[in-house]
Amino acid sequence: MKKYANASLVGVLALTALGVACNLSGAFDGGPASAGQLIVTLLFVLGWGAFSVIARKTGRFRIFALCISALSLLSAALSLLCVLRPEEPTAVLVLLAVNPLYAPIFFYGLRFFASWAGTYAIAAALSAVWLGYCLYALGKS
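Residues 7 to 147 in the numbering used here are what the sequence shown spells out, letter by letter.
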């Protein structure tokens, strides 16, 4: 199983790099996403999900997936808070301090059919499910 976990880690890191390469400029421009960016976002979500399932039997990879899923949820939730409450200066400061533009970049493809608020809400829901699975897998060890 460790061989598959190592290979899946390489694959998911490659998908992460692809996500940055394809979605970075769009996330900063803020317009609607293309179909290609949506596909990259879906591959990113599926890749990290598959990695989490494969890594559930490998301690250090399980912890890694847990940390990334927690970062994803934090980033999406803070981004959603900033979109819904832009007048809240504390939210903006926390977002800038904690959020390394994780959700805006990797979930940018969801802008193909959703607003920024919708994108962050979907990203937060996916991240919560992912974090829940990682916590479940950690508890099963």
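For glycine and all other residues, C-beta sits at the position ideal for the given N, C-alpha and C. Just so we're clear, the structure is a prediction, and the values are computed from it rather than from any experiment.
Residue from the options whose Cα sits closest to the Cα of residue i
i, options, result
"Arg-91", "Tyr-114, Trp-122, Leu-72", "Trp-122"
"Val-46", "Leu-15, Leu-21, Tyr-108", "Leu-21"
"Ala-143", "Leu-15, Ser-75, Gly-37", "Ser-75"
"Ala-82", "Gly-145, Arg-117, Tyr-108, Gly-17", "Tyr-108"
With 16 other Cβ atoms within 10 Å as the buried cut-off, status of residue i
i, result
"Leu-19", "exposed"
"Tyr-126", "buried"
"Pro-110", "buried"
"Ile-69", "exposed"
"Ser-31", "exposed"
"Ala-33", "buried"
"Cys-39", "Going by the sequence as given, residue 39 is Ala instead of Cys. Classification of Ala-39: buried, given that the 10 Å Cβ count is 16 or more."
Extent of the continuous alpha helix (DSSP H) to which residue i belongs
i, result
"Tyr-126", "122 to 145"
"Gly-36", "Neither: Gly-36 is in no alpha helix (DSSP H) and is coded neither H nor E."
"Thr-47", "41 to 60"
"Pro-110", "108 to 112"
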